[in-house]
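Chains as they are written, first to last, in UniProt numbering: chain L, 1 to 204; chain F, 1 to 204.
Remarks on the structure that follows.
Protein chains: 2
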Amino acid sequence: MTIQTNETPARGPSEHNIRDQVVEAATAHFGHFGYEKTTVSDLAKAIGFSKAYIYKFFDSKQAIGEVICANRLAQLAEIVDQAIADAPTASEKLRRLFRALTEAGSDLFFHDRMLYDIAAVASRDNWPSAAAHQQRLRQLIQLIIQEGRQAGEFERKTPLDETANAIYLVMRPYICPLQLQYSLDTASSAAVLLSSLILRSLSP
Amino acid sequence: MTIQTNETPARGPSEHNIRDQVVEAATAHFGHFGYEKTTVSDLAKAIGFSKAYIYKFFDSKQAIGEVICANRLAQLAEIVDQAIADAPTASEKLRRLFRALTEAGSDLFFHDRMLYDIAAVASRDNWPSAAAHQQRLRQLIQLIIQEGRQAGEFERKTPLDETANAIYLVMRPYICPLQLQYSLDTASSAAVLLSSLILRSLSP
């Protein structure tokens, strides 16, 4: 495709603005019609750009979805960071982490269903943004466990890696939008029960 | 509906055979065309009965699906019972329970996809057979925990109910066909990791 041969630097100084404009319009359009049902042609018509022009800035519909998804995941990361920032102990951090993730996921489902659906596609198709998010959460869990081990709150016999993986697995059905949709009515009480079980499993 | 006013005892001695015949034909038909896409009319045509005749024996398509689902769940219950029967400890029973459930669910997905889909509908719509199965598993977990507590294997501080519920919640994403489909590739290693986490949480 000749379009693809345009080098990024040649796209000019307004590229950033145009990318933002496409993402903004796409967010609205996906929000109304759903990510899966929308084509790049639909988007082009809605924005008033040519399809070829959009392809100058994004390789595919997924590339636009990725930006929307990454923006939302950055917000989620901030919510999580704030939730655990002033927790006095590693145990409390784990509880708050689980609660914040469950609440944010449920909020998205009930208040921004179309964005939830993009997140579900991202998770199903293992988009880089979704994979990076999972990796960050997995690392955050490991950091909290290390902190708790150093403070003498948590046992140290189990390999750190195993502990972190297992805890991530307990949380995953409430983090992953594909799975969370089947537990929405019990998610908040489940987060409490499962946090307690996790903390019992960590006791020295 | 006048059909519904026929009392069960008046249906005659061959009722059981005819019910079996309908269930058998329905299992094959659902297996080819899927449960959701098949109507009672389709079934009637395939079996060579009138639709009204089928309605003499089953109130609805779901009632037929329920029998298929209940048959399969009875098989699953037997697999689980056999898996844990000769386990030397309560800990080993929990491990084997988790493994047997995950394996049976994965087998169903890969080898009898249409039946898996009926199970998914049963779970989504909370059919009595699916609800009873979940309740049985929940009780089985509680019995194993009681056994382990009595043997001194497991801690006794946490309320029994809370412990059993939390463990059931850890296992549920691998039991529920709606959720299992998103973890198939990691289900068997997850069952091992999560069993170990559960056992750490139970240590006295």
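The C-beta atom is built at its ideal place from N, Cα and C for all residues, glycine as well.
This one's a predicted model, so the numbers in the text were calculated from it and none came from an experiment.
(request) Determine contact between the segment 142-152 of chain L and the segment 98-110 of chain L, defined as no fewer than three beta-carbon pairs at a distance below 8 Å. (result) no
(message) By the three-class DSSP mapping on this structure, what secondary structure does F49 (chain F) have?
(response) For this step, residue 49 (chain F) is matched to residue 49 along the second sequence. Looking at F49 (chain F) - three-state DSSP - the assignment turns out to be coil, as it is neither helix nor strand.
(request) Rounded to whole angstroms, what's the CA-CA distance from residue 236 (chain F) to A28 (chain F)? Just pull it up for me. (result) Since the first and last residues shown for chain F are 1 and 204, residue 236 (chain F) lies out of range.
(message) Taking its Cβ as the centre, do 16 or more other Cβ atoms sit within 10 Å of Q179 (chain F), making it buried, or is it exposed?
(response) As a working note, residue 179 (chain F) is residue 179 in the second sequence. So Q179 (chain F) ends up on the buried side.
(message) Here's the rule: buried if 16 or more other CB atoms are within 10 angstroms of the residue's CB, otherwise exposed. What is L160 (chain L)?
(response) In the first sequence, counting from the first residue as 1, residue 160 (chain L) sits at position 160. Exposed, since its Cβ has fewer than 16 Cβ neighbours within 10 Å.
(request) Name the residue from L:A26, L:F33, L:E36 and L:H133 whose alpha carbon lies nearest to the alpha carbon of K51 (chain L). (result) What you label residue 51 (chain L) is simply residue 51 of the first sequence in a count that begins at 1. For K51 (chain L), the nearest C-alpha among the options comes from L:A26.
(message) Nearest by alpha-carbon distance to E162 (chain L): which of L:A83, L:L202 and L:T39 is it?
(response) The residue labelled residue 162 (chain L) in the question sits at position 162 within the first sequence. Among L:A83, L:L202 and L:T39, the Cα nearest to that of E162 (chain L) belongs to L:L202.
(request) Could you name each continuous alpha helix (DSSP H) segment of 4 residues or more that falls completely within the segment 48-119 of chain F, going from the start of the chain to the end? (result) 51-57, 61-85 and 90-111
(message) Tell me which residues of the segment 189-200 of chain F have at least one Cβ-Cβ distance to chain L shorter than 7 Å, keeping chain order.
(response) A190, L193, L194, S196, L197 and R200
(message) Counting only beta-carbon separations shorter than 8 Å, does N126 (chain F) have a partner in chain L?
(response) For this step, residue 126 (chain F) is matched to residue 126 along the second sequence. With 8 Å as the cut-off, N126 (chain F) does not count as an interface residue toward chain L.
(message) Which residues in chain F have a C-beta closer than 8 Å to the C-beta of L140 (chain L)? List them in chain order.
(response) In the first sequence, counting from the first residue as 1, residue 140 (chain L) sits at position 140. Chain F residues near L140 (chain L): none, gap ~18 Å exceeds 8 Å.
(request) For T38 (chain F), count neighbouring C-beta atoms within 10 Å of its own C-beta (all shown protein chains included) and say buried if the count is 16 or more, exposed if not. (result) Residue numbering aside, residue 38 (chain F) sits at position 38 when the second sequence is read from its first letter. With 16 or more other Cβ atoms within 10 Å, it is buried.
(request) For Q179 (chain F), return the contacting residues in chain L, with the cut-off set at a CB-CB distance below 7 Å. (result) The residue labelled residue 179 (chain F) in the question sits at position 179 within the second sequence. The answer, in chain order, is P173, Q179 and Y182.
(request) Tell me where the alpha helix (DSSP H) around E36 (chain F) begins and ends. (result) Residue mapping note: residue 36 (chain F) aligns to position 36 of the second sequence, counting from 1. Counting along the chain, E36 (chain F) falls outside any alpha helix (DSSP H), and DSSP gives it neither H nor E.
(message) Does T158 (chain F) come out as helix, strand or coil in the three-state DSSP assignment?
(response) Residue mapping note: residue 158 (chain F) aligns to position 158 of the second sequence, counting from 1. Coil at T158 (chain F), not helix or strand.
(request) Use the C-beta contact count for E36 (chain F): other C-beta atoms within 10 angstroms, 16 or more gives buried, fewer gives exposed. (result) In the second sequence, the residue the question calls residue 36 (chain F) occupies position 36. Classification for E36 (chain F): exposed.
(message) Taking 7 Å as the limit between beta carbons, can you name the residues of its chain near R95 (chain L), skipping five residues before and five after?
(response) Residue 95 (chain L) sits at position 95 when you count from the first residue of the first sequence. Correct list, in chain order: S195.
(message) Just to confirm before moving on: does the CB-CB distance between Y116 (chain L) and P177 (chain L) stay below 8 Å?
(response) Working through the first sequence from its first residue, we reach residue 116 (chain L) at position 116. Working through the first sequence from its first residue, we reach residue 177 (chain L) at position 177. The answer is yes: Cβ separation under 8 Å.
(message) Quick check on T5 (chain F): does DSSP put it in helix, strand or coil?
(response) Within the second sequence, numbered from 1, the residue matching residue 5 (chain F) stands at position 5. Annotation note: pLDDT 40 at T5 (chain F) (below 50); position unreliable, coordinate value reported separately. In the structure shown, T5 (chain F) falls within a helical segment according to DSSP collapsed to helix, strand and coil.
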